[in-house]
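Trainee:
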Amino acid sequence: MDVTAEFFDRPVAEVAASLIGATFLVDGVGGVLVETEAYDATDAASHSFNGETARNAAMFGPPGTVYVYRSYGIHWCINFVCRRGAAVLIRALEPTAGFDVMAERRGIENRRLLCSGPGRLTQALGVDLGQNGRPIFGPPFELRQSTSVPPLVVGPRIGISRNQDAPWRFGLSGSQFLSKPFAREQRLRQAAG
DNA sequence: AAGCGGATGTCCT
DNA sequence: GGACATCCGCTTA
């Protein structure tokens with residue numbers, strides 16, 4: 165079933181957890197989400213923490229807005245906006261559709277490395293600033309909820325300098341397609357969404 | 001395992 | 001003018 169606006173109108177950590185197992189495609193290319201992170205406006209690590217600017221304006225759009233930004237001057241990263249100033253960073257997926265296109269864009273064949281990281285994922289799916297501010301509910305995007313509740317793991321987020329201990333990174337337990345492994349004791353008992 | 005260069009936009013002083 | 005960023009791939013051990 166396609167994800168609706170109501171799906172994103174919830175606390176951002178809940179949305180981030182619920183996205184694990186969902187299928188995300190851009191022009192038919194993508195796969196199953198296995199790693200996400202939650203950011204909101206009360207969080208010092210979030211781009212929205214110091215208020216709205218030209219760069220982060222999409223984070224203040226309606227639930228379901230796509231927020232794309234450039235990371236380290238080199239990579240693009242994609243987020244799905246939830247409530248105002250809150251968004252889920254899409255960090256990794258398991259490729260299931262468009263392997264040849266992804267391999268061509270990435271310049272590699274190794275399926276495990278195609279989308280295992282936020283910069284790799286956008287490169288493989290052809291995401292850039294052109295998608296910033298657009299709604300997720302329509303072409304070129306497809307976002308379908310998982311029919312089952314997958315086993316989740318949770319832990320601290322990657323690559324941030326502030327609020328490093330907040331456990332707002334979510335992953336599919338045992339996945340081979342994560343950007344980095346999760347520590348074992350951080351397994352999450354989650355009734356779903 | 002750990003270090004580092006790449007390359008650029010954003011925001012602050 | 002400058003610090004630093006939701007990272008990646010390559011190099012050295």
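If you read the first sequence in the numbering used here, its first letter stands for residue 165, the second for the next number, and so on. Just so you know, even glycine gets a beta-carbon here, dropped at the ideal spot from N, CA and C. Just so you know, these numbers come straight off a predicted model, no measurement behind them.
For residue 178, name the three-state secondary structure that DSSP assigns.
Mentor: The answer is helix: DSSP assigns residue 178 an H, G or I state.
Trainee: Who are the Cβ neighbours of residue 342 in its own chain at under 7 angstroms, not counting the five residues just before and after it?
Mentor: Excluding sequence neighbours, residue 342 sits near 198, 199, 256, 280 and 335.
Trainee: For residue 184, count neighbouring Cβ atoms within 10 angstroms of its own Cβ and tell me buried if that reaches 16, exposed if not.
Mentor: It is buried - the Cβ of residue 184 has at least 16 other Cβ atoms within 10 Å.
Trainee: Taking the alpha-carbon positions, what's the residue 232 to residue 328 distance?
Mentor: When rounded, the distance between both Cα atoms is 22 angstroms.
Trainee: Taking C-alpha atoms, which residue in 302, 258, 249 and 299 lies nearest to residue 175?
Mentor: For residue 175, the nearest C-alpha among the options comes from 249.
Trainee: Cutting at 7 angstroms between CB atoms, please list the residues of its own chain near residue 340, excluding the five before and the five after it.
Mentor: Only 276 meet the Cβ criterion.
Trainee: Answer yes if the segment 298-314 comes into contact with the segment 223-238, meaning at least three C-beta pairs across the two stretches below 8 angstroms, and no otherwise.
Mentor: A contact exists between the segment 223-238 and the segment 298-314.
Trainee: Looking at the structure shown, is residue 259 part of a helix, part of a strand, or coil, going by DSSP?
Mentor: Strand, per DSSP.
Trainee: What is the C-beta distance between residue 360 and residue 191, in whole angstroms, given that I count them as a contact (C-beta under 8 angstroms)?
Mentor: Limits of the chain in this structure are 165 at one end and 357 at the other, which puts residue 360 out of reach.
Trainee: Which term fits residue 158, buried or exposed, when burial requires 16 or more other beta carbons within 10 angstroms of its beta carbon?
Mentor: Shown here, the chain extends from 165 to 357; a query on residue 158 therefore has no answer.
Trainee: Going by beta carbon distance, what residues of the same chain come within less than 6 angstroms of residue 442, once the five residues before and after it are set aside?
Mentor: Because the chain in this structure spans residues 165 to 357, residue 442 falls outside the shown range and cannot be described.
Trainee: What did DSSP end up calling residue 213 once you bin it into helix, strand or coil?
Mentor: In this structure, residue 213 counts as coil in the three-state DSSP scheme.
Trainee: Given that a residue counts as buried once 16 or more other Cβ atoms are within 10 Å of its Cβ, and exposed if not, what is residue 187?
Mentor: With 16 or more other Cβ atoms within 10 Å, it is buried.
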